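Colleague: Sequences listed follow chains V and U, in order. Here our numbering is used: the first residue of the first sequence is -11, the next is one more, and so on. Here our numbering is used: the first residue of the second sequence is 3, the next is one more, and so on.
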Amino acid sequence: MKEMTFGQYYPTNSPVHKMNASVKILLVIAYIVAVFMVDYYHFLGLLACLFAIVIATVIARVPFGRMLKSIKGVIFLVVFSAVLQVFFNKQGTPLWEGGFITDEGLLTAGFITMRIVLIVLGASLLTLTTSPVELADGIEFLLYPLKYIKFPVHEFALIMSIALRFIPTLLEETDRIIKAQKARGANFESGNIFKRAKALIPVLIPLLISSFRRADELADAMDARCYAGSKVRTKYKKTTFGLGDLFGLLFFAGLIVGVVYLNGFYLYPYLVA
Amino acid sequence: MSLISLKDVKFSYDKTNPAVDGVSFNVEKGEYIAVIGHNGSGKSTLARLINGLLSPDEGEIYVDDIKVGDKKTVFEVRKRVGVVFQNPDNQLVASIVEDDVAFGPENLGIPRKEIGERIDFALDAVGMQDFRKSSPTRLSGGQKQRVAIAGVLALKPQILILDESTAMLDPKGRKEVLSVVKKLNKEQAVTVLAITHYMEEVVDADRVIVLDSGKIVMQDTPREIFKREKELKEIGLELPLASYIANKMRKNGIELPEGVLTEQELSEALCK
């Protein structure tokens, strides 16, 4: 349970960590746009994106193992969409006489796999290099214009950062409840999918109840520490725009230009008919 | 006037069964007070009343001459009275230690530079400076609770209320937290109100207040309180282990002075 690394902050003192969180969010969005801008089968464009994210990871001094671990979370999605393409894509020429696997199916499968992996890598680099508080601050900053239509931006950001803060705590709690129910003879491992889903009810209900209790206690603790909404609040974390941010912006702008440029090169011109 | 003063305070959650039933006492600056009582004696309610999380149905509470229970003064009171609750997990707001400690001062609208100084002060006071950038989820229970204390200290309170703050900790964590609190009381002259049901934590207090069904039944120094074993037992409280052993030994004919509190005192008395 504790192995869930997707979204867990990995603190180092790198320039990427020091970047402005709002800028990083924008850059990740730009990066995802870049990945989607790569035309089908233009693997060079995807390689450029991969190159970009690898460079960013190296600068951020995040171990590659950490990045790869985050892919584990979406492995099912990746395999599922790849298998779908390989077996059901009828376009292109069959690999062998009368075969049902086509060259185009294989290429699309590879392309889609790379695309999903690249997007997950980008998103997890953001959460690995940005603490949840910074992330919430970044989103708060980006949502700031919504204040003019009376959207409670600060409260929204606080709710998000508290949610992120409680994920590991609630995972621990779930683990404990599962063990407690197992000790009382609950069975989570056998039976069909419906039986197993039903077996989870005695886990979810205590979890829900204890979450309410936690929320209540947290509210008291926040009250006791003089929380009064956003009116008089100051911020300890400075939001700055430094050289790193400028460099990042230029780098990803360059990536988008590169992707558009590489779209002009056909690796398999015969396929795009 | 006393730093905290309660006059005939009554409070009930359901308007029929009083949780706190006519409690009056004063706390002077720099005192270390222990409040004991078994479950449902009203001791946690007392903490909530003093810092304005609840307002009394009857009676008056003053903290530093400010009346508690007024909407206007509630933040003035909370600035002065810091509360550390039982479960460390449920009172940490942020995912990074320093961000969590900053939460209180941020709420008060304190300028950035001073927040930094306050974080330094608070983390030094609880000995958690090395963990400034870490995530609370990776800390032990005792360490988390020390961070929670730092989060309260950053508000520079005059009074620290520990609402069973050691109840969920292992013996090591309990020791860590207690030594931090004692240090704060001695070195920073922070007034401490420790609500607990661990008798070992009561031993070092200047004064002990014993609650039963919302009423104060005893109020004295620990030594005097623990001489009244019978009365304590009647309201469901036990003696510290050392006093308990000393009493048993005395009953069995071993000559020991009355009012033994700590293991050290016990062993010294035995070696005479």
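Glycine is no exception: its CB is placed at the ideal position from the N, C-alpha and C atoms. From a predicted model like this one, the values you see are computed outputs, not experimental measurements.
1. Helix, strand or coil for U/N28 per DSSP?
2. Straight-line CA distance for V/G230 to V/M7?
3. Checking the sheet assignment: what are the DSSP bridge partners for U/V7?
4. With DSSP collapsed to three states, give me the class of U/K188.
5. What do you reckon, are the CB atoms on U/A271 and U/L258 nearer than 8 Å?
6. Is V/C214 buried or exposed, if buried means 16 or more other CB atoms sit within 10 Å of its CB?
7. With 7 Å as the limit, tell me which residues of the stretch 87 to 119 of chain V have their beta carbon closer than that to any beta carbon of chain U; keep them in chain order.
8. Between which two residues does the alpha helix (DSSP H) harbouring V/R201 extend?
9. Using 8 Å as the cut-off, can you tell me whether the stretch 131 to 148 of chain V makes contact with the stretch 167 to 174 of chain V, which would need three or more C-beta pairs spanning the two stretches below that distance?
10. Taking the beta carbon of U/P159 as the centre, do at least 16 other beta carbons fall within 10 Å, making it buried, or is it exposed?
11. Straight-line CA distance for V/V247 to V/V21?
12. Using a Cβ-Cβ cut-off of 6 Å (strictly less than) and excluding sequence neighbours within five positions of U/V128, which residues of its own chain qualify?
13. List, in chain order, every chain U residue whose beta-carbon is nearer than 9 Å to that of V/A44.
14. For U/K23, write down the residues that DSSP places opposite it in a beta bridge.
15. Helix or strand or just coil, what does DSSP make of V/I107?
16. With DSSP run on the structure shown, which of helix, strand or coil describes U/P107?
17. Does DSSP put V/T81 in a helix, in a strand, or in coil?
18. In its own chain, which residues sit with a C-beta less than 7 Å from the C-beta of V/I47, not counting the 5 before and 5 after it?
19. Go through its chain and collect everything with a Cβ distance to V/G80's Cβ below 6 Å, but skip five positions before and after it.
20. Residues of chain U with CB under 7 Å from V/I150, in chain order?
21. For the beta strand (DSSP E) that U/I38 lies in, which residues bound it at each end?
22. Pull up the CB-CB distance for U/A79 and U/G54, whole angstroms please, since I reckon it's below 8 Å.
23. Short check: CB of U/D214 to CB of U/S46, under 8 Å?
24. Quick check on DSSP: helix, strand or coil for U/G84?
25. Could you give the DSSP three-state label for U/S245: helix, strand or coil?
26. So is U/E260 buried or exposed if we call it buried at 16+ other beta carbons inside 10 Å?
27. Leaving aside the five residues before and after U/I98 along the sequence, list all residues of the same chain whose C-beta is less than 7 Å from its C-beta, in chain order.
28. So that I know if they touch, is there some Cβ in chain U lying closer than 8 Å to that of V/A174?
29. Using the beta-carbon of each residue, which ones in chain V are nearer than 7 Å to U/D91?
30. So U/V154 and U/V86 are in contact, right, with Cβ under 8 Å, and what is the actual spacing, rounded?
31. What three-state label does DSSP hand U/T264 in the structure shown?
Modeller: Once the coordinates are examined:
1. strand
2. 7 Å
3. With the sequence shown as reference, residue 7 of chain U is identified as Ser, and Val is not the correct amino acid for it. In the DSSP output, where bridge partners are listed per residue, U/S7 has U/N28 and U/Y64.
4. helix
5. yes
6. buried
7. For the stretch 87 to 119 of chain V, which is checked against every Cβ of chain U, the residues closer than 7 Å are S119.
8. In the DSSP assignment, V/R201 falls within the alpha helix (DSSP H) that extends over I189 to A212.
9. no
10. Within a 10 Å sphere around the beta-carbon of U/P159 sit 16 or more other beta-carbons, which makes this residue buried.
11. 10 Å
12. For U/V128, where only same-chain residues beyond five positions count, the Cβ hits under 6 Å are R148, I151, A152 and V182.
13. The premise fails here: V/A44 is roughly 21 Å from chain U at the closest Cβ pair, so nothing lies under 9 Å.
14. First, the amino acid is wrong: residue 23 of chain U is Asp here, not Lys. In DSSP, U/D23 forms a bridge with U/K12.
15. helix
16. helix
17. coil
18. S2, P3 and V4
19. T90, D91 and E92
20. V95
21. Y34 to I38
22. Residue identity differs from the one stated: residue 79 of chain U is Val in this sequence, not Ala. With 8 Å as the limit, U/V79 and U/G54 qualify as a contact, their Cβ atoms being about 5 Å apart.
23. no
24. strand
25. helix
26. exposed
27. K135 and S137
28. no
29. T157
30. 6 Å
31. When secondary structure is reduced to three states using DSSP, U/T264 falls in the coil class, being assigned neither helix nor strand.
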